[in-house]
Amino acid sequence: MESELRLTELNKRYKNLTYLDRIKMLFGEFDADKILVTTSFGSTSVVLLHMINKVAPDHPIHLINTGYLFKETHAYKQELRDEWGLNVVDVHPRERSHDFSRKHKVWNDNPDFCCFINKVEPMMELKRGKDVWVSGLLGFQNANRANKQIFEHHQGLNKFHPLIDMNQEDLNLYRTIYELPTHPLMYEGYGSIGCVQCTKKGEGREGRWEGREKTECGLHL
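For the sequence shown, our numbering begins at 1 and goes up steadily by one.
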């Protein structure tokens, strides 16, 4: 009951703040060493990264490097790292598990298991000892994300979605005002960008796991 009251109180205090002020307040009232920031360096990641860089420029930015990311994603990561001096930390799946997924092409018959091996399991280790997990989820991206709050409980820690109520127009406006770099695959028609085997061209997230009911990798469920 106490934790639920704390969550309600946090959401109430952060709701009417600007997106940037939410991040400022988070780093003001939580121990920075207990704050985990992750990114996919995908099509919309740059907005959160830009704000984090304004508030806490040296804070570690963790990327779950599945081993199946597009070469353009790695190039985009390097571009932002060079331009802003981001403290990027690549996190890899266990070698044996990853090799198994590659050998058996697990993504073809069981993409959920592939995501678990290469994304969810490494993230479980990354979250140990943290109090807050900062994620750049946007509510308009799919039905699973539409009803999420700024703060939610997630497997023993607080999950923080500072941009959850940002709409597509505000996202585009922010990118335009600050002239933020664009993921190169967006120019080729990719609205959302994950792993090579499970990402195709398409509006929004329609190109992810095309032809399947799957809409999430599992990190945000």
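By construction, the Cβ of each residue, glycine as well, lies at the ideal position given by its N, Cα and C atoms.
If you draw a 10 Å sphere on the C-beta of T8, you find fewer than 16 other C-beta atoms in it, and that means exposed.
Rounded to whole angstroms, the Cβ separation of G139 and I164 is 5 angstroms, and the two are in contact under 8 angstroms.
A Cβ-Cβ distance of about 5 angstroms is found for the pair S43 and M186, placing them in contact under the 8 angstroms criterion.
In this structure, L63 keeps its C-beta atom at 8 angstroms or more from the C-beta atom of K54. When the Cα atoms are used, T73 and S40 turn out to be separated by approximately 9 angstroms. The beta carbon of G189 is closer than 7 angstroms to those of K201 in its chain, skipping five residues each way along the sequence.
Contact check between the stretch 91 to 102 and the stretch 118 to 132: three or more CB pairs, one atom from each, fall below 8 angstroms, which counts as touching. The C-alpha of V132 is placed about 20 angstroms away from the C-alpha of N16. Between I23 and I52, the alpha-carbon positions lie close to 7 angstroms from each other. Residue range F151 to H154 is occupied by the beta strand (DSSP E) that includes F151, with no alpha helix (DSSP H) assigned at that position.
Going by DSSP, T44 is part of no alpha helix (DSSP H) at all; its letter is neither H nor E.
Counting along the chain, the unbroken beta strand (DSSP E) around I35 starts and ends at I35 to T39. Here N108 carries a helix assignment [DSSP, helix/strand/coil].
Considering only T18, K105 and F27, the residue with the shortest C-alpha distance to D58 is F27. The shortest CA-to-CA distance from F160 to any of S45, N11, L5 and H50 is the one to N11. Assignment of beta-bridge partners to W133 by DSSP yields L36 and K159. L49 places its beta carbon less than 8 angstroms from that of L80. CA-CA distance, K103 to K71, rounds to 20 angstroms. Y178 and Q149 have their C-alpha atoms some 26 angstroms from each other. N118 and N158 have their C-alpha atoms some 23 angstroms from each other. If you ignore the 5 residues before and after S45, its C-beta comes within less than 7 angstroms of the C-beta of T39 and G136, all in its own chain and listed in chain order.
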